[in-house]
Structures are given as structure tokens and as C-alpha cells.
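A.B. asks: Chains A and B, in that order, are what the protein sequence lines are.
Our numbering applies: residue 1 is where the first sequence begins, and numbers increase by one.
Our numbering applies: residue 263 is where the second sequence begins, and numbers increase by one.
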Amino acid sequence: MATVQPSAVPQVQRGVEPLRANQGASFIWRKLHSLLGIVPIGAFLLEHLLSNFEALKGPIAYGVQVKFLNSLPLVRVLEWVFIFLPILYHGIYGVYIWLRGKSNIVYYPWAGNWMYLVQRYTGLIAFVYIGYHVATQRFMGADLPNHPAAAFWKVQHELANPWILAVYVVAMIAVCWHFAYGVWLFAAKWGITPGEIARRRFGYVCAAGGVLLAAMGLASIWAFVGPKYQNAPENVPLSILVAPVHAGATYHPNGFQCVARS
Amino acid sequence: MATKTVTFEIKRQASPDAPDVWERFELDWRPGMNVVSAMMEIAANPVTADGKPTTPVTYDSNCLEEICGSCAMRINGRASMACSALVDNLDQPIRVEPLTKFPLVRDLQVDRSVLFENLMRVKAWVPVDGTYDLGSGPRVYPQQQEANYPLSNCISCTCCMEVCPQFNVTTGFVGAATIAQVKLFNNHPTGKVFKEDRLRALAGDGGVQECGYAQNCVKACPKQIPLTNAISDISRDVMVQKVKDWLKS
Chain A
1 MATVQPSAVP QVQRGVEPLR ANQGASFIWR KLHSLLGIVP IGAFLLEHLL
51 SNFEALKGPI AYGVQVKFLN SLPLVRVLEW VFIFLPILYH GIYGVYIWLR
101 GKSNIVYYPW AGNWMYLVQR YTGLIAFVYI GYHVATQRFM GADLPNHPAA
151 AFWKVQHELA NPWILAVYVV AMIAVCWHFA YGVWLFAAKW GITPGEIARR
201 RFGYVCAAGG VLLAAMGLAS IWAFVGPKYQ NAPENVPLSI LVAPVHAGAT
251 YHPNGFQCVA RS
Chain B
263 MATKTVTFEI KRQASPDAPD VWERFELDWR PGMNVVSAMM EIAANPVTAD
313 GKPTTPVTYD SNCLEEICGS CAMRINGRAS MACSALVDNL DQPIRVEPLT
363 KFPLVRDLQV DRSVLFENLM RVKAWVPVDG TYDLGSGPRV YPQQQEANYP
413 LSNCISCTCC MEVCPQFNVT TGFVGAATIA QVKLFNNHPT GKVFKEDRLR
463 ALAGDGGVQE CGYAQNCVKA CPKQIPLTNA ISDISRDVMV QKVKDWLKS
């Protein structure tokens, strides 16, 4: 008899479909998402946090740093190609990844499973915050690329609102968390740390790095809201001829740079 | 003398499209009893705690010593092997449900054939079939044997897939077990003839890139297979293979 007998096991549609071997392009899109999180987004985050740290030296040093960054060649191209577009892709594709996964933390409350969930929440916080931050600080209000002298003043006004200050503090911690665990995940998922012990050790490294970055970021926020530089002027004197120097630093006649006395 | 009893709550479903019902069973405690042995006692006397006659519970099982992989089910919410789930180690009432990510057949029996389909799609075998004797294979050094042995312990229970947040109908993720088997057969001196095919297969939709590294798989694996290590290694190998393919195309 040539007819195929129906299987004893009933065919139910609702199962997970098998691997689509060699088919589709999700590999490249997913790996691009992963890579962009490290370069350029992670690299830019480091640059941004280091630049912010200049705020601790005062409005002039901060303004000089903003002026320096805006003097980079092809800066508007750099900004779009290496910052805006990668973040947009990483954020949108990240939400897409989140929606496709189904957290089961209720049944399996394990450390890695928590981190999986937290990585999604911190990513969303970061994405929403970055959207707000870029809109208000880059595209609205004082035009900092053309008036870097107003940089400190602009941020100080923004952070004067305690609610916005709270948003910045939460977002700073979320971003540093997402980046630190993201680096750990990158090493694990690209086969850089295929060993259990290597992953544990690198976990400590990433945790320490994340805490350091968050501390630096929060210290920078403090520079704007703390008592030291209250009521910064809207226009501080900047000169691009002077390399980024300490606030109020002077040059000694014999050419040695002196530490500022305020 | 009052006998110590054990309470079970078992999720029953007569057919894939029938409604599910919970049934409660009271059994006499016995030393060393496990979830499968309890199910056998229920089959011997299929009466619920309320005294209502019912049908024996349908479930897969075979070896009863955690080596065949048949009896995976959710016990108190967690995917585990029923044969090695000792009643004394479980909170009561012991709630037993079928795995959630596989099509249900009846009661606790599910259709896990997706794993076998996945293993076929990555050619998880050593190709030695032919029309003539191929002679003895290449020598496998003890160091290599020791590296491969943990991977060869996989019993295809699908616990790693059940607990994975990425293994679902939306992603169609292949799951940790298949990825670990790719590592095993790629390490094999004869099996590695298909190495490139396996890696290319795993770059397809639902491939290794879908892993979110929640690491539930390695926690849930009853055989302690180093699944996260395998995913890490194979992810790298897949990436290297894809880069080679792009540069050579």
C-alpha cells in the first residue's frame, strides 16, 4: 500500500519551528546590533563621560572641550554616522529583540536570567533618555556647536530642575550598567571568553569598569549642581589656541603651566 | 498510626485541543520515591484525592535513571527529569505540568521532535555509512576525549530549550542542546568533515545568534553539560566561518 499512514502522534501547529539552516539574514543584523554596542556606541560613551569629566574643572574647561569636539574634521558626518544612526539602530533593534524573547524570571530566578531582564530594561531607559537628551541638548535651546561657550550654562539650567536631575542620575546608572554588562555579553557571545572562569573574572572587570564609569558620570553631574560653579555665565571666554587647560589656569612666564588658584 | 502522605497536583489534558484540568492525588509516602514512581502508583490505582476514579497519567519515561531523557516535565514550575526528582526534596503539593514549549500530546506527554529535526539540520552525526569498510577511524587522543565527553552526555531531554527565554515560536531559536552537539561533532576527527556545513547552518534564522545569554540552559541541564561554553565557542566559529565565506565569495 502506497499511502502514508498518519503518525500516531497528532500534528499540532503550535510548536517551535526547527532551525532554518543557511536561510535568512538575521545573523548579520543581530551581530551588527551586538558590534555597534561596543564600537562606535561604547567608544562614544567613554568619550562622552571623559568629556563630561572636564566639567569638574569648571565652565571654561568644559566649554573648551565642547569647542574642541566640534572642531573635529567632518564633525557633523561623524556625529550622524558614528553616533546618531548606530544608537538609533541599536535601540530599535534592541527593542525588537526584547519583544521576541519571553522572560521566565518567575520560574527561574537565576543571576544570568536577572541580568538578561535588566539588560533589556536598562537599554530601554537608556534609549528613551538618549532621545530626550539629544533633542534638548543638541537640537533645542542654545546651539552649542556654534556657541560652545554656553555649554556649562545650558547643562546647569537643565539640571536645575530636580526631576530632570533625577532622570539624569537614573539614566547615568542605567547606561553604565547596560554598557558594562554589554561588554561582558559581547565577550561571551563572540567567543572571547568561552571559559567559565574567564567569564567570571571578566565579570569582575566589567563590574569594576561600570562602577567607575557611573561614579565618573555622577561626579560630572555634581559639577553642575554642586556649590562650586553656581550661576555659571551664559558666555565664558574660550580660546581654541589654548589647549584644554584647567579652569583659570595661567602660564608662567618661563612657560611652565601652573595649577589654577581660585 | 497515621501514614505519611504525599500530595500531587497534576495538570491533565485528554488531547491537544481538550481543556486542561488539575487533578489532586494523595499517595502513601515511601522511602526514595520519585515523581515517576508516584505516577506508576497513580496508574495502579487511578483515583483522585476526592475519591473520583480517573485515567492513569500519560507521560514519557523509559530508563528511570536520568540517562534516556524521556521524562522531562515541569515539577513545581521548573523543568526537570521526573525520574531523578526525589519527592523528599520537593515542596508539597508537588505540582506537575507538561513542558510548555512543545506541542502537547496528552497529559504530561509532549512532542519534542523539533530537537531531532534541529540535530538533522546541523548534521549532528559522524558520517561513516558507505558501501565498503572504511577501516578504523583516526585516533582520538585522551585529551580530546575528555573535552568531548561532557558534550556527549546530552540526553535530548530539552530542559535547556524549555527554560530558555529565547526558545519560542517567535524566534524559532535552535536551542543550546543542538549548539553543544555541533561543538561535539566538529571536535570529532571524522565528524569534522561537516564542520563548515554545521557552522553555516547555525548562522541561519533561529541560529546561534538568537542566544540572549540568560544562561538558564546550563543551570537547568540535568547532565551538567557546559552549554554556555559551547555557545560561546560555536558563536565564534560561526562568525569566523561567515567572515571566511564573505571574503571568499
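Ideal Cβ placement from N, Cα and C applies to all residues, glycine included.
1) Beta carbons nearer than 7 Å to chain A: which residues of the stretch 398-424 of chain B have them?
2) Starting from L269 (chain B), trace the beta strand (DSSP E) in both directions and tell me its first and last residue.
3) Helix, strand or coil for G15 (chain A) per DSSP?
4) Flag this pair as touching only if the stretch 399-411 of chain B and the stretch 307-320 of chain B have three or more C-beta atom pairs under 8 Å; answer yes or no.
5) Threshold first: 4 residues or longer. Then list the alpha helix (DSSP H) segments lying entirely within the stretch 136-220 of chain A, N to C.
6) Over what stretch of residues does the alpha helix (DSSP H) that includes E312 (chain B) continue unbroken?
7) Sort A:N104, A:A198 and A:I173 by Cα distance to L212 (chain A) and report the nearest one.
8) Distance cutoff 7 Å, beta carbons only. Does A463 (chain B) sit that close to anything in chain A?
9) Could you please tell me which residues of the stretch 469-499 of chain B, in chain order, have their CB closer than 9 Å to any CB of chain A?
10) Leaving out the 5 sequence neighbours to the left and right, which residues in its chain are closer than 8 Å to G182 (chain A) when beta-carbon positions are compared?
11) Once you ignore the five residues that flank L489 (chain B) on each side, which residues in its own chain have a CB closer than 7 Å to its CB?
12) Do you know offhand how far T432 (chain B)'s Cα is from G101 (chain A)'s?
13) Hey, does E17 (chain A) have any beta-carbon neighbour from chain B nearer than 7 Å?
14) Would Q275 (chain B) count as contacting chain A if we go by Cβ distances under 7 Å?
15) Tell me the rounded alpha-carbon separation between D143 (chain A) and P86 (chain A).
16) Give the residues from the stretch 102-129 of chain A that approach chain B closer than 7 Å (Cβ to any Cβ), ordered along the chain.
17) If you measure from the beta carbon of E271 (chain B) to each beta carbon in chain A, is any gap under 7 Å?
18) Mind listing which residues of the stretch 282-304 of chain B have their C-beta closer than 9 Å to chain A's C-betas, in chain order?
19) Mind checking whether A151 (chain A) and G63 (chain A) have CB atoms under 7 Å apart?
20) Give a yes or no on contact between the stretch 374-385 of chain B and the stretch 447-466 of chain B, applying the rule of three or more CB pairs nearer than 8 Å.
21) How about H178 (chain A) and G123 (chain A): do their beta carbons lie closer than 7 Å?
22) Do A55 (chain A) and A160 (chain A) have their CB atoms nearer than 7 Å?
23) Rounded to a whole number of angstroms, what is the C-alpha to C-alpha distance between A341 (chain B) and C330 (chain B)?
24) Looking only at its chain, what residues have a beta carbon closer than 6 Å to the beta carbon of G399 (chain B), apart from the 5 residues adjacent to it on each side?
25) To which residues of the same chain is C176 (chain A) closer than 6 Å at the C-beta, ignoring the five residues directly before and after it?
26) Does chain B have any CB closer than 7 Å to the CB of R200 (chain A)?
27) Under 7 Å between beta-carbons, which chain B residues line up against A207 (chain A)? List them in chain order, please.
28) Which residues in chain B have a C-beta closer than 9 Å to the C-beta of W190 (chain A)? List them in chain order.
29) Could you list which residues in chain B have their beta carbon closer than 9 Å to that of T193 (chain A), in chain order?
30) For G42 (chain A), which residues in chain B fall below 7 Å Cβ to Cβ?
31) Can you tell which of B:W291, B:F287, B:T362 and B:I417 has its C-alpha closest to the C-alpha of T265 (chain B)?
32) Taking all protein chains shown into account, decide if M301 (chain B) is buried (16 or more other Cβ within 10 angstroms of its Cβ) or exposed.
33) Alpha carbon to alpha carbon, how far is V425 (chain B) from V75 (chain A)?
34) Leaving out the 5 sequence neighbours to the left and right, which residues in its chain are closer than 6 Å to L348 (chain B) when beta-carbon positions are compared?
35) For P389 (chain B) and chain A, any beta-carbon pair shorter than 7 Å?
36) So, with DSSP's three-state summary, where would you put M343 (chain B)?
C.D. replies: According to the data block:
1) none
2) Here residue 269 (chain B) is taken as the residue at index 7 of the second sequence, counted from 1. Here the sequence assigns Thr to residue 269 (chain B), which means Leu is not the residue at that position. Unbroken beta strand (DSSP E) run through T269 (chain B): T267 to R274.
3) Numbered from its first residue, the first sequence carries residue 15 (chain A) at position 15. Three-state result, G15 (chain A): coil.
4) no
5) 151-159 and 162-189
6) On the second sequence, position 50 is the one that residue 312 (chain B) refers to. Correcting the residue type first, residue 312 (chain B) is Asp in the shown sequence and not Glu. Under the DSSP assignment, D312 (chain B) falls outside any alpha helix (DSSP H); it carries neither an H nor an E label.
7) Looking up residue 212 (chain A) in the first sequence gives position 212. Measuring from the Cα of L212 (chain A), the nearest candidate turns out to be A:I173.
8) Mapped onto the second sequence, residue 463 (chain B) falls at position 201. Yes, because at least one Cβ of chain A sits closer than 7 Å to the Cβ of A463 (chain B).
9) G469, V470, Q471, E472, C473, G474, Y475, A476, Q477, N478, V480, K481, A482, P488, T490, N491, A492, I493, S494, D495, I496, S497, R498 and D499
10) As a working note, residue 182 (chain A) is residue 182 in the first sequence. Taken in chain order, the residues that qualify are G37, I38, G42 and Q119.
11) Locating residue 489 (chain B) in the second sequence gives position 227, counting from the first residue. Counting only Cβ-Cβ distances below 7 Å, and skipping sequence neighbours, we find C422, A438, A442, C479, V480 and C483.
12) Position 170 of the second sequence, counting from 1, holds the residue named residue 432 (chain B). Position 101 of the first sequence, counting from 1, holds the residue named residue 101 (chain A). Spanning the two alpha carbons is a distance of roughly 8 Å.
13) Mapped onto the first sequence, residue 17 (chain A) falls at position 17. Yes, contact with chain B.
14) Within the second sequence, residue 275 (chain B) is the residue found at index 13, counting from 1. No, Q275 (chain B) lies away from the interface with chain A (no Cβ there is under 7 Å from its Cβ).
15) Against the first sequence, residue 143 (chain A) aligns to sequence position 143. Against the first sequence, residue 86 (chain A) aligns to sequence position 86. Spanning the two alpha carbons is a distance of roughly 23 Å.
16) K102, S103, N104, Y107, Y108, W110, G112, N113 and Y116
17) If you number the second sequence from 1, residue 271 (chain B) lands on position 9. Chain A, which has no Cβ nearer than 7 Å to the Cβ of E271 (chain B), makes this no.
18) none
19) The count along the first sequence starts at 1 and reaches residue 151 (chain A) at position 151. The count along the first sequence starts at 1 and reaches residue 63 (chain A) at position 63. Yes, these two residues count as a Cβ contact at 7 Å.
20) Two segments are said to touch when three or more pairs of C-beta atoms, one from each, lie closer than 8 Å; by this definition the stretch 374-385 of chain B touches the stretch 447-466 of chain B.
21) Locating residue 178 (chain A) in the first sequence gives position 178, where the first residue counts as 1. Locating residue 123 (chain A) in the first sequence gives position 123, where the first residue counts as 1. Yes.
22) To locate residue 55 (chain A), count along the first sequence from 1; it is residue 55. To locate residue 160 (chain A), count along the first sequence from 1; it is residue 160. Against a cut-off of 7 Å, the Cβ pair of A160 (chain A) and A55 (chain A) comes out as no contact.
23) Taking the first residue of the second sequence as 1, we reach residue 341 (chain B) at position 79. Taking the first residue of the second sequence as 1, we reach residue 330 (chain B) at position 68. Rounded to the nearest whole angstrom, the CA to CA distance from A341 (chain B) to C330 (chain B) is 16 Å.
24) Taking the second sequence and counting its residues from 1, the one referred to as residue 399 (chain B) is at position 137. Around G399 (chain B): T452.
25) Position 176 of the first sequence, counted from the start, is the residue given in the question as residue 176 (chain A). Taken in chain order, the residues that qualify are G210, L213 and A214.
26) As a first step, residue 200 (chain A) is located in the first sequence; it is residue number 200 there, counting from the start. False, the Cβ-Cβ gap to chain B never drops below 7 Å.
27) As a first step, residue 207 (chain A) is located in the first sequence; it is residue number 207 there, counting from the start. Residues of chain B passing the Cβ test: none, with the nearest at roughly 16 Å.
28) Counted from its first residue, the first sequence places residue 190 (chain A) at position 190. Here the neighbours are S494, S497, R498 and M501.
29) Taking the first sequence and counting its residues from 1, the one referred to as residue 193 (chain A) is at position 193. The contacting residues are S494.
30) Taking the first sequence and counting its residues from 1, the one referred to as residue 42 (chain A) is at position 42. The contacting residues do not exist; G42 (chain A) stays about 17 Å from chain B at best.
31) By 1-based counting over the second sequence, the position of residue 265 (chain B) is 3. Here the closest residue by C-alpha is B:W291.
32) Within the second sequence, the letter at position 39 stands for residue 301 (chain B). If you draw a 10 Å sphere on the C-beta of M301 (chain B), you find 16 or more other C-beta atoms in it, and that means buried.
33) Locating residue 425 (chain B) in the second sequence gives position 163, where the first residue counts as 1. Locating residue 75 (chain A) in the first sequence gives position 75, where the first residue counts as 1. Answer to the nearest angstrom: the Cα atoms are 47 Å apart.
34) Here residue 348 (chain B) refers to the residue found at position 86 of the second sequence. N296, listed in sequence order.
35) As a working note, residue 389 (chain B) is residue 127 in the second sequence. Closer than 7 Å: no.
36) On the second sequence, position 81 is the one that residue 343 (chain B) refers to. Looking at M343 (chain B) - three-state DSSP - the assignment turns out to be strand.
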